Amino acid sequence: MMKYSRNQIVAAARGDIKMDLVIRNAQLVNVFTAEVYPADIGIKENRFSAIAAYENGKPSFPIEGEKEIDAKGKYAIPGLIDCHVHIESTMVTPDMFAREVLRHGTTTAVIDPHEIGNVLGKEGVEYMAAASRNLPVQFLLTIPSCVPAVPGVETAGAAFGPEDINELLDLPEAVGVAEVMDYVGVINQDDRMAGIVEAGLQKNKLNEGHLPRVSGKDLHAYLAAGVNTDHESRKSDEIIEKLRAGMLIYIRESSVSQFADIAAEAWKVLPYASNIAMCTDDVEPSDMLKNGQMSRVVRRCIEEGIPAPLAIRYASLNGAVRFGLRDQGAIASGYIASFSLVNSLDEMDINDVFVEGKQLVEEKHLTETLSSEVPPLTKNTVSIPVLTEEDFQITSPVQNGKVRINTMEMLPIGTTQKRTVELEAVNGVISSLPEDCLYVSVTGRHGQGRKPFVGILKNAGLKEGAYATTIAHDSHNLVVVGKNTKDMLLAAKQLEASGGGLCLVSNQEVKAQVNLPIAGLMAAEPVEELAPKIDSFNQTADSMGVKVGRRSPSMALSSLTLTVIPEVRITDLGLLDVATQKMIPLFESVE
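Residue numbers are given in UniProt numbering: position 25 of the sequence shown equals residue 25, and the series is strictly consecutive.
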């Protein structure tokens, strides 16, 4: 944060000296009162000094500036605050992320580096913290609570216990413990999760939540444990119950899950609820380039009927209050002058962005180049055993005959359910699959040395070849799905050689590949350079049939391994019943 002289700011407010900058003829979005009205905005050093609302077409008192900008009726809104985001899911490094989100009006982001934490442990978290420093976007750090998400049912590249969380909470940017996804462990007060939550409480930090489909006494147990936010609510009545219980709800619009519609339904029932903020969670690069970042969440809420000033309050002031940013989140005297000028509120068309009084985006373009002081990590993190085509086959308990296999079926809403399918075993292996089924494999890429676990996936859409990814929340092992084992093996080898990313193969030919060599998750490229590569990958994936609900093809398989989202998931150790946290046998019955 820039140094400032309070007496100069006050003197400018009194009119004794000129403002450094005056924004004239703005339509001020007042997030305190949820109003919009014309005003002149005076800025001295890095703060708003005085705001002169118009009366009878003129400012209520004169403001003079060394420099003046005519807003020409553009809307002035506070800098947007993303309450929960994984930079790694944008597939770019923190400086490249900052370049792009600034263009969309985001000036503060609360980051959770649990993706890289699951790959590189403390080294990964410390890298993300260091790489985020001294950039114009204000980055607040939450310490990953679930590395891995659920111990014993998956294998990550590291394992954090209460002592590790306690140590990392001393990083200067740390404001809390990141989304506590092992909600079963919190509710049942197992030693690890109870200790992690307590570490946050003892350090007087916040505990951020992750609580899908939980209600009643379990909801209250989670709150009583000291975790009080959620961005995973999937129905309006679920949001209503949580708001009434005092939980802070983050309205999420990501590339994977979009909840503005159900949040608006809940708002109509509880229009005076104050415990609502916003986040993006996971937004892939081409999606962000085209549709915005936090601006997209606001726009979607407006489209669903939430009044624009109120939606902007959720995206600014309420986030500031949550994270103790007492002088941020509003355009008001004494507050830090981070704000945007917007052509249209309904479209959230950001035109100009100012950070601490300095214009960094003019007519939608950055006014200067931003780069991190820390070089990107370059070591290859895809450490897998030597694989053969046979490693992607499913070995049957009988040589020949019918067997019934437990499968994971993908649903349009992003969740999964357990189903079974009857298949034929020939010479000890599953010989063929129904049209709606694929082989799905997870290979530990953190040096586990184990061969892949292979199961059956239904309704992922792929009609030919194979699809491989190292973006596999949250342990980020190597996931390969496919119609045949030859293409699956080639796809796996491609990502091993490149250090991770995304790969599509058909008929032993690589059809599309995106290299993400930083932890198998990110590339040190500007969003505008990486986005076309993702678009090309998505077009190829779409032509090969990949389609899972509203998800982008590049993110379609990213949550197959997420062990905290109902109902069934797959890990390097096998099929998992999320509710019970018990492994499911692959074969249900044998004839």
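For every residue, glycine included, the Cβ atom is placed at its ideal position computed from N, Cα and C.
Quantities reported herein were computed from a predicted structural model and do not represent experimental measurements.
In terms of DSSP beta bridges, what is residue i paired with?
i	result
A76	L28, L341
residue 624	In this structure the chain extends from 1 to 591, so residue 624 is not present and cannot be described.
T395	V429
E409	Q417, K458
R14	None; R14 has no bridge partner.
Y54	P59
C503	A468, Q513
V481	V440, Y467
L557	Answer is none; L557 lacks a bridge partner.
L575	I570, I584
T229	L248
E68	V22
E35	N30
I518	M522
I143	V177
Give me the residue from the options with the minimum Cα distance to residue i.
i	options	result
H446	I384, S554, K364	I384
E496	N477, D82, E253	N477
Q27	L21, V36, M19	V36
D281	Q8, E232, F139, E123	E232
A39	I331, G520, G246	I331
V505	K486, I405, Q448, S554	K486
G520	D436, G401, N380, G42	N380
A308	F354, V29, V10	V29
S338	K358, G444, K235	K358
G124	V175, S554, G157, L573	G157
A245	T229, S543, V197	T229
I43	R569, G545, R14	R14
N515	Q539, L489, E528, I471	I471
N427	L562, Q448, N406, G401	G401
K72	I23, Y272, L80, G79	I23
V564	L573, D577, D572, S552	D577
A76	D474, V227, N25	N25
S132	P375, P162, V283, K58	P375
Can you tell me whether residue i is helix, strand or coil according to DSSP?
i	result
L586	coil
A425	strand
G42	strand
I239	helix
R445	coil
G513	It should be pointed out that residue 513 corresponds to Gln in this sequence rather than to Gly. Residue state, collapsed to three classes: strand.
Q138	strand
A263	helix
I331	coil
I534	helix
V85	strand
E567	coil
I63	coil
Y222	helix
S49	strand
D542	helix
L21	strand
G216	helix
V403	strand
E208	strand
M2	coil
Q202	helix
A523	strand
Q508	coil
Is the closest heavy atom of the ligand MG to the C-beta of residue i under 7 Å?
i	result
E68	In the structure on display, the ligand MG does not appear, and there are no ligands present to speak of.
**Length-filtered (3 minimum) beta strand (DSSP E) runs lying within the segment 150-197** = 174-180
**Asked** Which runs of the beta strand (DSSP E), 3 residues or longer, sit entirely within the segment 337-392?
**Response** 339-342, 350-355, 358-362
**Request:** Report yes or no: do the segment 84-96 and the segment 55-67 share at least 3 C-beta pairs separated by less than 8 Å?
**Result:** no
**Message:** Report the start-end ranges of each beta strand (DSSP E) in the segment 88-132 that is 3 residues or longer and not cut off at the edges.
**Reply:** 106-111
**Asked** Okay, do the segment 90-106 and the segment 284-295 touch, 3+ Cβ pairs below 8 Å being the bar?
**Response** yes
**Prompt:** What are the start and end residues of each continuous alpha helix (DSSP H) run of 4 or more residues lying completely inside the segment 273-321, in chain order?
**Reply:** 285-291, 294-303, 308-314
**Asked** Would you call the segment 431-441 and the segment 453-472 in contact, with 3 or more CB pairs under 8 Å?
**Response** yes
**Item:** Stretch pair the segment 492-510 + the segment 67-84: three plus CB contacts closer than 8 Å
**Value:** no
**the segment 190-206 / the segment 578-586 touching (three or more Cβ pairs under 8 Å)** = no
**Prompt:** Pairing CB atoms from the segment 143-150 with CB atoms from the segment 177-184, are three or more of them under 8 Å?
**Reply:** yes
**Request:** Determine contact between the segment 529-548 and the segment 110-122, defined as no fewer than three beta-carbon pairs at a distance below 8 Å.
**Result:** no
**Prompt:** Does the pairing of the segment 138-146 with the segment 157-177 give three or more beta-carbon distances under 8 Å?
**Reply:** yes
**Message:** Counting beta carbon pairs with one atom in the segment 259-273 and one in the segment 299-315, are three or more of them shorter than 8 Å?
**Reply:** yes
**Request:** Please determine if the segment 96-103 and the segment 48-57 are in contact, where contact requires at least 3 C-beta pairs separated by less than 8 Å.
**Result:** no
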